[in-house]
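**Q** Chain order of the listed sequences is R and F.
Okay, so the first sequence: first residue is 7 according to my numbering, each after it adds one.
Okay, so the second sequence: first residue is 7 according to my numbering, each after it adds one.
Just so you know, even glycine gets a beta-carbon here, dropped at the ideal spot from N, CA and C.
2 protein chains.
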Amino acid sequence: MKNKFYQYIQNLQDQICKGLEDVDGISKFREDIWERPEGGGGRTRVIEKGQVFEKGGVNISAVHGKLPDTMQKMFGVGEADFFACGLSLVIHPKNPMVPTVHANWRYFEMYDENGNIINQWFGGGQDLTPYYLFEEDAIHFHHACKTACDKHNPEFYPNYKKKCDDYFWNAHRNEARGVGGLFFDYLKVTDAMTMEDWYNFVTEVGNSFLEAYVPIVEKRKNLEYTTAQRTWQEIRRGRYVEFNLVHDKGTLFGLKTNGRIESILMSLPPHVQWVYDHHPEKGSEEEKLISVLQKPKEWA
Amino acid sequence: MKNKFYQYIQNLQDQICKGLEDVDGISKFREDIWERPEGGGGRTRVIEKGQVFEKGGVNISAVHGKLPDTMQKMFGVGEADFFACGLSLVIHPKNPMVPTVHANWRYFEMYDENGNIINQWFGGGQDLTPYYLFEEDAIHFHHACKTACDKHNPEFYPNYKKKCDDYFWNAHRNEARGVGGLFFDYLKVTDAMTMEDWYNFVTEVGNSFLEAYVPIVEKRKNLEYTTAQRTWQEIRRGRYVEFNLVHDKGTLFGLKTNGRIESILMSLPPHVQWVYDHHPEKGSEEEKLISVLQKPKEWA
Chain R
7 MKNKFYQYIQ
17 NLQDQICKGL
27 EDVDGISKFR
37 EDIWERPEGG
47 GGRTRVIEKG
57 QVFEKGGVNI
67 SAVHGKLPDT
77 MQKMFGVGEA
87 DFFACGLSLV
97 IHPKNPMVPT
107 VHANWRYFEM
117 YDENGNIINQ
127 WFGGGQDLTP
137 YYLFEEDAIH
147 FHHACKTACD
157 KHNPEFYPNY
167 KKKCDDYFWN
177 AHRNEARGVG
187 GLFFDYLKVT
197 DAMTMEDWYN
207 FVTEVGNSFL
217 EAYVPIVEKR
227 KNLEYTTAQR
237 TWQEIRRGRY
247 VEFNLVHDKG
257 TLFGLKTNGR
267 IESILMSLPP
277 HVQWVYDHHP
287 EKGSEEEKLI
297 SVLQKPKEWA
Chain F
7 MKNKFYQYIQ
17 NLQDQICKGL
27 EDVDGISKFR
37 EDIWERPEGG
47 GGRTRVIEKG
57 QVFEKGGVNI
67 SAVHGKLPDT
77 MQKMFGVGEA
87 DFFACGLSLV
97 IHPKNPMVPT
107 VHANWRYFEM
117 YDENGNIINQ
127 WFGGGQDLTP
137 YYLFEEDAIH
147 FHHACKTACD
157 KHNPEFYPNY
167 KKKCDDYFWN
177 AHRNEARGVG
187 GLFFDYLKVT
197 DAMTMEDWYN
207 FVTEVGNSFL
217 EAYVPIVEKR
227 KNLEYTTAQR
237 TWQEIRRGRY
247 VEFNLVHDKG
257 TLFGLKTNGR
267 IESILMSLPP
277 HVQWVYDHHP
287 EKGSEEEKLI
297 SVLQKPKEWA
């Protein structure tokens with residue numbers, strides 16, 4: 007399974023980078039291969055200063071070795087060997103009318119002293135963070151998520167949609183990071199699902215990514231915008247930074263386990279503003295976005 | 007003691023705001039009075055878009071009530087009543103040749119069920135974060151710190167200078183946030199020091215702030231700078247954000263105990279950049295700064 011899934015995310019990285027480069031039309035991803043001293047490594051691909059994408063990363067990694075202390079605590083286990091691989095992406099478009107997107111698909115194995123698998127699971131998801139809310143875009147994105155889920159189980163979409171709203175909650179701001187999507191973790195063997203079934207589900211979601219996101223980018227990338235709208239985008243990106251540095255388990259986990267800092271923090275937006283006590287005008291598009299973020303909606 | 011110290015920080019807030027407004031020459035601090043539902047409140051003063059200061063806050067607060075769960079854990083105690091007051095400031099100048107400064111002075115009391123003080127202490131410090139290193143500025147700042155300390159005990163400066171270097175260590179970047187200054191906490195009664203002695207020490211440091219910082223601002227505020235230097239400042243401000251949101255106990259404590267978000271996060275810089283895998287040129291002024299941050303120096 008680990009080889010199969012790693013092969014899958016390698017191909018998916020190629021596909022997604024190619025798809026995004028085609029949309030951008032000018033900029034290409036640069037690639038950095040890195041090694042983890044304790045075992046494994048990754049292939050980081052970053053795009054910057056594009057025509058459409060101001061900054062973004064589509065990274066894969068596969069790491070293994072002794073389970074670090076912090077992970078032992080997290081999983082409530084003692085010493086063990088582990089393997090983990092995944093694809094993580096965050097894309098920050100230049101135009102404030104185009105939403106930021108994040109996605110991640112990952113697989114984890116833990117071993118006993120004889121190298122037998124004692125635990126294995128999939129995790130991941132994808133979610134959208136608009137700066138201006140086009141309801142049809144949120145609906146399109148959630149429909150793509152739902153379509154992928156429904157092929158496997160009609161309960162998946164409502165479950166993982168709710169988990170996404172719960173996870174990407176910027177608690178100190180009392181608002182969601184964005185309009186959500188899917189979030190799932192610890193997908194393990196059950197009576198109903200083998201690991202093969204979960205593989206099929208997770209890769210179905212992975213395969214839905216470009217179709218979920220690219221049509222939105224195409225529709226909005228040439229819209230005109232004002233300096234004030236760009237400022238709003240940069241202020242909202244500040245909330246994205248706050249979520250990733252204060253609440254996001256993946257980021258904090260990476261920072262505290264000696265991950266490759268530049269690959270972890272490629273998720274941070276290129277230009278960001280913090281303005282003291284900023285509030286959008288009553289009845290404005292900006293205020294409309296906030297009110298939706300404060301109370302997550304059903305989109306599909 | 008609590009009334010005396012609170013009176014002191016109220017006056018100090020007035021003095022510092024006045025001193026900084028005089029340096030800026032154009033912008034004035036705006037004031038927001040806020041109340042904490044559980045008891046107490048604060049007086050937040052923020053300056054934005056000044057001639058010299060792009061963004062900054064000089065805030066006081068005095069809060070009391072039942073010790074929140076998170077604080078009980080932090081101090082290793084059970085239920086208790088508490089009182090805490092302090093002044094916190096962060097100033098982000100516009101010109102990259104002028105360093106950012108942070109300072110904080112605070113006092114804490116804990117009570118038994120009859121309202122008797124069972125524990126009390128002072129904490130605080132002040133530290134400097136340059137974007138371009140003028141060694142004489144770091145020396146001036148540290149001399150002001152040392153002069154204030156030496157009036158009370160010759161061991162204070164070396165001790166609290168080291169604590170500052172240790173505390174403001176951006177561990178995931180393996181570098182200091184800035185060139186340091188002073189940091190002290192849990193200053194309690196000892197054989198050598200009464201609370202009155204600590205009051206005299208902490209207020210001595212508070213009184214040294216303007217003399218430690220303003221001459222540096224005056225010296226650098228009219229220096230010319232390039233767009234590239236401004237970009238460097240914005241990238242380095244990213245590290246400031248990373249420290250405050252990932253490592254700073256005060257910020258995280260505030261975010262997790264329902265503090266007033268806008269008063270806590272006034273510390274975040276106005277314009278910030280994250281550039282993937284940015285490294286300054288060999289032998290440049292930017293690289294010189296980094297090498298000093300990676301290995302804290304003695305300045306006084």
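1. Check the Cβ of residue 192 of chain R against every Cβ in chain F and list those closer than 7 Å, keeping chain order.
2. If contact means a Cβ-Cβ distance below 8 Å, which residues of the segment 46-72 of chain F contact chain R?
3. Identify the contact partners of residue 277 of chain F in chain A, using a Cβ-Cβ distance below 9 Å as the criterion.
4. Against chain R, does residue 39 of chain F count as a neighbour if the rule is that its beta carbon must be under 8 Å from one of theirs?
5. Which residues mark the beginning and the end of the alpha helix (DSSP H) in which residue 297 of chain F is found?
6. Since residue 98 of chain F and residue 55 of chain F are thought to touch, with beta carbons under 8 Å apart, how far apart are those beta carbons, to the nearest angstrom?
7. Quick one: residues in its chain with C-beta nearer than 7 Å to the C-beta of residue 103 of chain R, no 5 flanking neighbours on either side, listed in chain order?
8. Tell me, please, which residues DSSP counts as bridged to residue 41 of chain F.
9. Helix, strand or coil for residue 88 of chain R per DSSP?
10. Since residue 134 of chain F and residue 184 of chain F should fall inside the 8 Å C-beta cutoff, what is the C-beta to C-beta distance between them, to a whole number of angstroms?
11. Is residue 158 of chain R close to chain F, meaning its C-beta is less than 8 Å from at least one C-beta of that chain?
12. Using 8 Å as the threshold, is the C-beta distance between residue 267 of chain R and residue 178 of chain F below it?
13. Please name the residue or residues paired with residue 106 of chain F in a DSSP beta bridge.
14. Comparing alpha-carbon positions, which option in F/40, F/25 and F/39 lies nearest residue 33 of chain F?
15. Threshold first: 4 residues or longer. Then list the alpha helix (DSSP H) segments lying entirely within the segment 211-273 of chain R, N to C.
16. Would you list the one or two residues that DSSP bridges to residue 284 of chain R?
17. Are residue 201 of chain R and residue 126 of chain R closer than 8 Å when you measure CB to CB?
18. Is residue 276 of chain F near residue 238 of chain R, with beta carbons less than 8 Å apart?
19. So, with DSSP's three-state summary, where would you put residue 202 of chain F?
20. Could you tell me the distance, in whole angstroms, from the CA atom of residue 59 of chain R to the CA atom of residue 223 of chain R?
21. What residues in the segment 73-98 of chain R have a beta carbon less than 7 Å from any beta carbon of chain F?
22. Tell me which same chain residues have a C-beta within less than 8 Å of the C-beta of residue 47 of chain F, skipping the five on either side of it?
23. Which residues in chain R sit within 8 Å of residue 179 of chain F, going by Cβ to Cβ distance?
24. Return no unless some Cβ of chain F is closer than 8 Å to the Cβ of residue 295 of chain R.
25. Helix, strand or coil: which one does DSSP assign to residue 208 of chain R?
26. If residue 174 of chain F sits next to residue 182 of chain F, beta carbons under 8 Å apart, how far is it from one beta carbon to the other, in whole angstroms?
27. Hey, is the segment 243-258 of chain R in contact with the segment 158-177 of chain R, meaning 3+ C-beta pairs nearer than 8 Å?
28. Alpha carbon to alpha carbon, what distance is there between residue 142 of chain R and residue 166 of chain R?
29. Going by DSSP, what residues sit across from residue 190 of chain R in a beta bridge?
30. At a Cβ threshold of 8 Å, is residue 188 of chain F touching chain R?
31. With distances taken from CA atoms, which of R/51, R/213 and R/300 is nearest residue 65 of chain R?
32. Closest to residue 37 of chain F by CA distance: which of F/83, F/49, F/7 and F/193 is it?
33. Return yes when at least one heavy atom of the ligand ADP lies under 7 Å from the C-beta of residue 290 of chain F, else no.
34. When you compare each of R/108, R/192 and R/45 to residue 129 of chain R by their alpha carbons, which one comes out closest?
35. If we count Cβ pairs, one from each stretch, closer than 8 Å, do we get three or more for the segment 73-92 of chain R versus the segment 289-306 of chain F?
36. Mind pulling the chain R residues with CB within less than 7 Å of residue 203 of chain F?
**A** Per the coordinate set shown:
1. Start at 1 with the first residue of the first sequence, and residue 192 of chain R comes out as number 186. Neighbours of residue 192 of chain R on chain F: none; closest Cβ ~25 Å, over 7 Å.
2. 52, 54, 61 and 63
3. Considering every chain present, this structure includes no chain A. Its protein chains are R and F.
4. Counting from 1 along the second sequence, the entry for residue 39 of chain F is found at position 33. It does not: the Cβ of residue 39 of chain F has no partner Cβ on chain R nearer than 8 Å.
5. Translated into the one-based positions of the second sequence, residue 297 of chain F becomes position 291. Its alpha helix (DSSP H) spans residues 291-300.
6. For the purposes of this step, residue 98 of chain F is identified with residue 92 of the second sequence, where counting begins at 1. For the purposes of this step, residue 55 of chain F is identified with residue 49 of the second sequence, where counting begins at 1. So it is not a contact: roughly 11 Å between Cβ atoms.
7. Position 97 of the first sequence, counted from the first residue, corresponds to residue 103 of chain R. Excluding sequence neighbours, residue 103 of chain R sits near 138, 226, 229 and 231.
8. Position 35 of the second sequence holds residue 41 of chain F. Its beta-bridge partners are F/47.
9. If you number the first sequence from 1, residue 88 of chain R lands on position 82. Here residue 88 of chain R sits in strand by DSSP.
10. Looking up residue 134 of chain F in the second sequence gives position 128. Looking up residue 184 of chain F in the second sequence gives position 178. Yes, they are in contact, since the Cβ atoms of residue 134 of chain F and residue 184 of chain F sit about 5 Å apart, within 8 Å.
11. If you number the first sequence from 1, residue 158 of chain R lands on position 152. Not an interface residue.
12. By one-based count along the first sequence, residue 267 of chain R stands at place 261. By one-based count along the second sequence, residue 178 of chain F stands at place 172. The answer is yes: Cβ separation under 8 Å.
13. Here residue 106 of chain F refers to the residue found at position 100 of the second sequence. DSSP, once it has assigned bridges, lists F/135 as partnering residue 106 of chain F.
14. Along the second sequence, read from residue 1 onward, the residue named residue 33 of chain F stands at position 27. The residue with the shortest Cα to Cα distance from residue 33 of chain F is F/25.
15. 233-248, 255-262 and 267-270
16. What you label residue 284 of chain R is simply residue 278 of the first sequence in a count that begins at 1. Partner(s): none; residue 284 of chain R has no beta bridge.
17. As a first step, residue 201 of chain R is located in the first sequence; it is residue number 195 there, counting from the start. As a first step, residue 126 of chain R is located in the first sequence; it is residue number 120 there, counting from the start. Yes, they are a contact pair.
18. Taking the second sequence and counting its residues from 1, the one referred to as residue 276 of chain F is at position 270. Taking the first sequence and counting its residues from 1, the one referred to as residue 238 of chain R is at position 232. Cβ atoms of residue 276 of chain F and residue 238 of chain R: not closer than 8 Å.
19. Taking the first residue of the second sequence as position 1, residue 202 of chain F is located at position 196. In the structure shown, residue 202 of chain F sits in a helix (DSSP, three-state: H, G or I).
20. For this step, residue 59 of chain R is matched to residue 53 along the first sequence. For this step, residue 223 of chain R is matched to residue 217 along the first sequence. So the two alpha carbons sit approximately 10 Å from each other.
21. none
22. Counting from 1 along the second sequence, the entry for residue 47 of chain F is found at position 41. Closer than 8 Å at the Cβ level, and outside the excluded window around residue 47 of chain F, lie 39, 40, 41, 67, 68 and 69.
23. In the second sequence, residue 179 of chain F corresponds to position 173, counting from 1. Those within 8 Å of residue 179 of chain F in chain R are 267.
24. Walking along the first sequence from the start, residue 295 of chain R turns up at place 289. No, because no Cβ of chain F sits closer than 8 Å to the Cβ of residue 295 of chain R.
25. Stepping through the first sequence from its first residue, residue 208 of chain R is reached at position 202. DSSP places residue 208 of chain R in helix when its eight states are reduced to three.
26. Mapped onto the second sequence, residue 174 of chain F falls at position 168. Mapped onto the second sequence, residue 182 of chain F falls at position 176. Right, their Cβ atoms sit about 6 Å apart.
27. yes
28. As a first step, residue 166 of chain R is located in the first sequence; it is residue number 160 there, counting from the start. As a first step, residue 142 of chain R is located in the first sequence; it is residue number 136 there, counting from the start. C-alpha separation (whole angstroms): 20 Å.
29. Against the first sequence, residue 190 of chain R aligns to sequence position 184. Answer is R/130.
30. Within the second sequence, numbered from 1, the residue matching residue 188 of chain F stands at position 182. Chain R contact via Cβ: absent.
31. Locating residue 65 of chain R in the first sequence gives position 59, counting from the first residue. Of the candidates R/51, R/213 and R/300, the one whose C-alpha sits nearest the C-alpha of residue 65 of chain R is R/51.
32. The residue you call residue 37 of chain F lines up with position 31 of the second sequence. Among F/83, F/49, F/7 and F/193, the Cα nearest to that of residue 37 of chain F belongs to F/49.
33. Annotation note on the ligand ADP: not contained in the displayed structure, which lists no ligands.
34. The count along the first sequence starts at 1 and reaches residue 129 of chain R at position 123. That would be R/192, whose Cα lies nearest to the Cα of residue 129 of chain R.
35. no
36. Position 197 of the second sequence holds residue 203 of chain F. In chain order: nothing, as chain R lies at least about 37 Å away.
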